[in-house]
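Enquirer: Got a structure here, written out as structure tokens. Questions coming.
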Amino acid sequence: MFQKREAGGKPIVALILAGFIILMAGKVASAQVQDGWRGEYYNNMTLSGSPALVRVDKVIDFSWGTGSPEWSVVGADNFSVRWTGNLNVSPGRYRFTTATDDGVRLWVNGQLVIDKWLEQHTTYYTADVDLPSGTASVQMEYYENVGGARALFDVKRLNGSSSGSGPWYGEYFNNKHLSGSAALYRNEADINFNWRSDSPAPGTINPDNFSARWTRQLDLMPGRYQFAVTTDDGVRLWVNNQLVIDQWRDQHPATYRAEIDLPGGNTPVKMEYYENTGGAKAQLSWAFVSSGGNSGGGSYTPGTWRAEYFNNTGLSGPPVLVRDEGQPNVNWGYGSPAPGIVGNDYFSVRWTRTLEFIPGRYRFTVTTDDGARLWVNNQLVVDNWRNQPARPISGQIDLAGGLVPIRLEYYEADVLAEAHLGWERIGSAANTGGTPMASVTTYYLNVRQGPGLGYAIISRLTRGQMVQLAGFRNANATWVKVNLPDGRQGWSYAGYLQSSVPISSLAVEGGQPIPVSGSTATVARAALVNVRLGPGVGYRVQTSVPSGATVELLGRNAASTWAKIRLTSGTVGWMNAYYLNSATPISSLSIVG
Numbered sequence: 000m001f002q003k004r005e006a007g008g009k010p011i012v013a014l015i016l017a018g019f020i021i022l023m024a025g026k027v028a029s030a031q032v033q034d035g036w037r038g039e040y041y042n043n044m045t046l047s048g049s050p051a052l053v054r055v056d057k058v059i060d061f062s063w064g065t066g067s068p069e070w071s072v073v074g075a076d077n078f079s080v081r082w083t084g085n086l087n088v089s090p091g092r093y094r095f096t097t098a099t100d101d102g103v104r105l106w107v108n109g110q111l112v113i114d115k116w117l118e119q120h121t122t123y124y125t126a127d128v129d130l131p132s133g134t135a136s137v138q139m140e141y142y143e144n145v146g147g148a149r150a151l152f153d154v155k156r157l158n159g160s161s162s163g164s165g166p167w168y169g170e171y172f173n174n175k176h177l178s179g180s181a182a183l184y185r186n187e188a189d190i191n192f193n194w195r196s197d198s199p200a201p202g203t204i205n206p207d208n209f210s211a212r213w214t215r216q217l218d219l220m221p222g223r224y225q226f227a228v229t230t231d232d233g234v235r236l237w238v239n240n241q242l243v244i245d246q247w248r249d250q251h252p253a254t255y256r257a258e259i260d261l262p263g264g265n266t267p268v269k270m271e272y273y274e275n276t277g278g279a280k281a282q283l284s285w286a287f288v289s290s291g292g293n294s295g296g297g298s299y300t301p302g303t304w305r306a307e308y309f310n311n312t313g314l315s316g317p318p319v320l321v322r323d324e325g326q327p328n329v330n331w332g333y334g335s336p337a338p339g340i341v342g343n344d345y346f347s348v349r350w351t352r353t354l355e356f357i358p359g360r361y362r363f364t365v366t367t368d369d370g371a372r373l374w375v376n377n378q379l380v381v382d383n384w385r386n387q388p389a390r391p392i393s394g395q396i397d398l399a400g401g402l403v404p405i406r407l408e409y410y411e412a413d414v415l416a417e418a419h420l421g422w423e424r425i426g427s428a429a430n431t432g433g434t435p436m437a438s439v440t441t442y443y444l445n446v447r448q449g450p451g452l453g454y455a456i457i458s459r460l461t462r463g464q465m466v467q468l469a470g471f472r473n474a475n476a477t478w479v480k481v482n483l484p485d486g487r488q489g490w491s492y493a494g495y496l497q498s499s500v501p502i503s504s505l506a507v508e509g510g511q512p513i514p515v516s517g518s519t520a521t522v523a524r525a526a527l528v529n530v531r532l533g534p535g536v537g538y539r540v541q542t543s544v545p546s547g548a549t550v551e552l553l554g555r556n557a558a559s560t561w562a563k564i565r566l567t568s569g570t571v572g573w574m575n576a577y578y579l580n581s582a583t584p585i586s587s588l589s590i591v592g
């Protein structure tokens with residue numbers, strides 16, 4: 000939806016798709032709010048007392064940031080809101096979604112379906128509810144503590160009666176390969192089956208080791224659509240003669256989604272399915288996403304990776320395909336990720352997901368043909384953006400625990416194509432090698448020019464943000480030196496940092512180690528190790544050195560995680576200290592630039 004807002008946060012609606020979602024086979028209105036949302040705004044976080052402001056909000060989709068919903072009446076922090084409204088719905092299952100910073104509770108027809116009344120960065124929650132035809136009452140409660148403020152409500156219809164040209168034509172086979180003549184032909188109103196351990200047609204179709212093909216023409220209006228399948232076991236889905244979902248394998252019930260732009264009119268859809276043994280399920284639904292094709296929009300399914308495919312090697316322009324997938328672990332060989340949509344060569348992909356980790360040090364490994372870049376917690380840990388055969392490249396990072404965003408970018412030049420991502424927890428503290436990290440535990444943490452309140456503020460960190468320790472502290476370990484993402488260094492109060500190493504174990508600023516000259520090290524732990532222009536994965540790769548090679552040690556960075564080296568060829572550069580075996584401790588080398 001598109002809105003403009005005044006400075007006070009009051010929405011001026013230019014175009015509203017408010018409170019309703021255009022769904023299922025081109026049906027337009029499935030959940031439309033009646034007369035807007037009644038919003039009651041309170042100058043406290045508990046919805047107590049009399050509201051300071053009561054108004055009608057056309058939609059619940061606000062990004063106030065550090066501002067106020069209404070400057071003259073409601074504060075920018077420590078406020079709460081209760082929205083109530085009624086939805087006009089047709090019978091079916093609906094997915095309710097909220098996104099808030101901070102807490103949220105959602106009731107549908109008096110039933111509490113989302114209860115996340117806690118301080119948090121913007122987090123999405125969903126709940127699926129079956130509703131009869133008529134009016135459904137909705138109440139959303141929200142509170143903001145301090146910092147950024149965000150509140151969103153959305154609802155989509157997942158299934159219900161279908162429309163289009165005729166029923167589904169189903170063909171059932173007593174094998175897993177759709178081979179030979181079908182044992183059963185029949186028309187189906189919907190593809191919405193949960194046979195469990197039973198047969199689709201007892202006496203005719205086996206309860207195990209069978210397959211089915213459904214075909215149909217759907218009458219759709221032009222625009223972008225999202226198709227979703229849930230199956231146990233394998234599934235393939237073609238829309239408008241294009242393969243958009245290909246998960247032909249044994250699996251427990253799993254849901255996959257794909258988005259595609261359609262010209263409108265009669266659209267052929269074909270779904271193929273097989274059941275091996277155990278439970279059997281096959282379901283299909285679809286939803287209209289937008290009329291502006293190639294938007295890359297649509298909903299995201301928690302628990303899956305969001306995949307965006309581009310028909311170029313630079314992830315530029317709008318994606319030609321957006322879908323939800325499992326963990327990146329694919330080998331397309333000479334083929335395409337989506338024949339007819341994505342080319343066999345010269346394409347790129349961006350995978351994103353938020354995962355929950357326990358605190359510790361992690362090693363992330365990507366194996367790609369060709370280039371890849373990996374961000375973990377918004378930090379670049381693998382940078383190998385070049386043409387290459389498939390080989391593993393690893394990077395390490397300390398995580399304070401909790402929800403962590405991950406982004407993997409990949410491109411394929413020509414010939415073979417594959418992409419794999421994996422990780423392992425290699426320690427609970429930073430003494431396992433790599434760069435010491437810390438997580439901010441307060442809402443805002445100042446970074447100053449020196450170790451004390453009398454120094455000027457040069458930057459500010461937010462709660463949950465990971466920051467790299469520079470390797471130094473003050474004399475009583477109350478302040479610690481940090482490396483900012485823009486390359487600057489500053490000092491932060493140690494009491495508001497949860498660190499992977501004790502702050503007291505760091506060196507006191509001003510003390511310099513005794514230089515050690517003429518020392519050497521042997522490259523280890525990887526077949527090839529990059530030599531970079533500077534001490535970090537953000538610096539360009541100069542060359543790669545094979546395992547077993549000997550290099551001369553010239554110095555280190557402040558955290559002792561990177562060593563400056565000289566190759567036998569005379570090339571001088573930087574190498575991650577994790578990949579060096581030396582009788583001389585890296586921490587004993589001089590800090591050099």
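Straight run, no breaks: the sequence shown in numbering that gives the first Met the number 0 ends on number 592.
The beta-carbon is built from N, C-alpha and C at its ideal position, and this holds for glycine as well.
Determine which residues share a DSSP beta bridge with Trp167 and list them.
Expert: Answer is Glu187.
Enquirer: DSSP puts Arg37 in a beta bridge; with which residues?
Expert: DSSP lists Val55, Thr83 as partners of Arg37.
Enquirer: According to DSSP, is Ile502 part of a helix, a strand, or is it coil?
Expert: Residue state, collapsed to three classes: helix.
Enquirer: Provide the residue span of the beta strand (DSSP E) that contains Met270, from first to last.
Expert: Its beta strand (DSSP E) spans residues 264-274.
Enquirer: From the DSSP output, which residues share a beta bridge with Met574?
Expert: Paired residue(s): Ala562.
Enquirer: Whose C-alpha, out of Ala75, Leu130, Ala576, Ala200, is nearest the C-alpha of Gly91?
Expert: Answer by Cα proximity: Leu130.
Enquirer: Of the residues Asn191, Gln378, Thr254, Asn205, which one's Cα is nearest the Cα of Arg305?
Expert: Of the candidates Asn191, Gln378, Thr254, Asn205, the one whose C-alpha sits nearest the C-alpha of Arg305 is Thr254.
Enquirer: Using DSSP bridges, identify the partner residues of Trp304.
Expert: For Trp304, which the question treats as bridged, DSSP gives the partners Glu324.
Enquirer: Cβ atoms of Asn43 and Ser594: under 8 Å apart, would you say?
Expert: The chain is shown from 0 up to 592; residue 594 falls before or after that span and cannot be answered.
Enquirer: With a 10 Å radius around its C-beta and 16 neighbouring C-beta atoms as the bar for buried, classify Ala134 as buried or exposed.
Expert: Correcting the residue type first, residue 134 is Thr in the shown sequence and not Ala. With fewer than 16 Cβ atoms within 10 Å of its Cβ, Thr134 is classed as exposed.
Enquirer: Hey, is the stretch 345-363 in contact with the stretch 394-406, meaning 3+ C-beta pairs nearer than 8 Å?
Expert: The stretch 345-363, when compared against the stretch 394-406, does touch it at the 8 Å Cβ threshold.
Enquirer: When you compare only the Cα positions, how much space is there between Ala412 and His176?
Expert: If you take the alpha carbons of Ala412 and His176, they lie about 33 Å apart.
Enquirer: Between Arg372 and Glu307, how many whole angstroms is the CB-CB distance? I'm expecting something under 8 Å.
Expert: Not quite, the Cβ-Cβ distance comes to about 14 Å (not below 8 Å), so this is no contact.
Enquirer: Please report how far the alpha carbon of Ala115 lies from the alpha carbon of Gly102, in whole angstroms.
Expert: Correcting the residue type first, residue 115 is Lys in the shown sequence and not Ala. For Lys115 and Gly102, the distance between alpha carbons rounds to 6 Å.
Enquirer: Going by DSSP, what residue range makes up the beta strand (DSSP E) through Trp213?
Expert: Run containing Trp213: 209-219, per the beta strand (DSSP E) assignment.
Enquirer: Jot down the residue ranges of each uninterrupted beta strand (DSSP E) in the stretch 117-162, minimum 3 residues, whole runs only, in chain order.
Expert: 122-130, 133-143, 148-156, all fully within the stretch 117-162.
Enquirer: Does the Cβ-Cβ distance between Leu532 and Val544 come in under 8 Å?
Expert: No, the Cβ-Cβ distance between Leu532 and Val544 is not below 8 Å.
Enquirer: If we call anything under 8 Å between Cβ atoms a contact, is Asp593 one with Gln246?
Expert: A question about residue 593 goes unanswered here, because the residues of the chain that appear run from 0 up to 592.
Enquirer: Is the distance from the Cβ of Gly494 to the Cβ of Val481 below 8 Å?
Expert: No, the pair does not count as a contact, with Cβ atoms beyond the cut-off.
Enquirer: Is the separation between the beta-carbon of Trp194 and that of Ala279 shorter than 8 Å?
Expert: Cβ distance < 8 Å, so Trp194 and Ala279 count as in contact.
Enquirer: Secondary structure at Gly64, three-state DSSP: helix, strand or coil?
Expert: Strand.
Enquirer: From the DSSP output, which residues share a beta bridge with Thr519?
Expert: Beta-bridge pairing links Thr519 to Glu551.
Enquirer: When you compare only the Cα positions, how much space is there between Pro336 and Tyr272?
Expert: In a straight line, the C-alpha of Pro336 is about 19 Å away from that of Tyr272.
Enquirer: Report the option in Ala525, Asp153, Ser196 whose CA atom is closest to the CA atom of Thr97.
Expert: With distances taken between Cα atoms, Thr97 lies closest to Asp153.
Enquirer: Here's the rule: buried if 16 or more other CB atoms are within 10 angstroms of the residue's CB, otherwise exposed. What is Leu86?
Expert: So Leu86 counts as buried.
Enquirer: Compute the Euclidean distance between the alpha carbons of Leu407 and Asn377, then round it to the nearest angstrom.
Expert: Computed Cα separation, rounded: 11 Å.
Enquirer: Going by alpha carbons, who is nearest to Val591 out of Gly554, Val238, Thr570?
Expert: Measuring from the Cα of Val591, the nearest candidate turns out to be Gly554.
Enquirer: Going by DSSP, what residue range makes up the beta strand (DSSP E) through Gly91?
Expert: Note, Gly91: beta strand (DSSP E), 91-100.
Enquirer: Rounded to whole angstroms, what's the CA-CA distance from Ser62 to Leu219? Just pull it up for me.
Expert: The alpha-carbon atoms of Ser62 and Leu219 are separated by roughly 33 Å.
Enquirer: Quick check on the DSSP output: the beta strand (DSSP E) that includes Val540 runs from which residue to which?
Expert: From DSSP, the beta strand (DSSP E) with Val540 extends over 540-545.
Enquirer: Within the continuous beta strand (DSSP E) that includes Ala181, where are the two ends?
Expert: Segment: none, Ala181 is in no beta strand (DSSP E) and carries neither H nor E.
Enquirer: Output the distance between the C-alpha atoms of Asn205 and Glu274, rounded to the nearest integer angstrom.
Expert: Rounded to whole angstroms, Asn205 to Glu274 spans 10 Å at the Cα level.
Enquirer: Quick one: Cα of Gln387 to Cα of Val73, how far?
Expert: Looking at the two C-alpha atoms, the distance is approximately 57 Å.
Enquirer: Mapping the DSSP letters down to three states, classify Gly316 as helix, strand or coil.
Expert: Note: Gly316 maps to coil in three-state DSSP.
Enquirer: Whole angstroms are fine: how far does the CA of Glu324 sit from the CA of Arg256?
Expert: About 7 Å.
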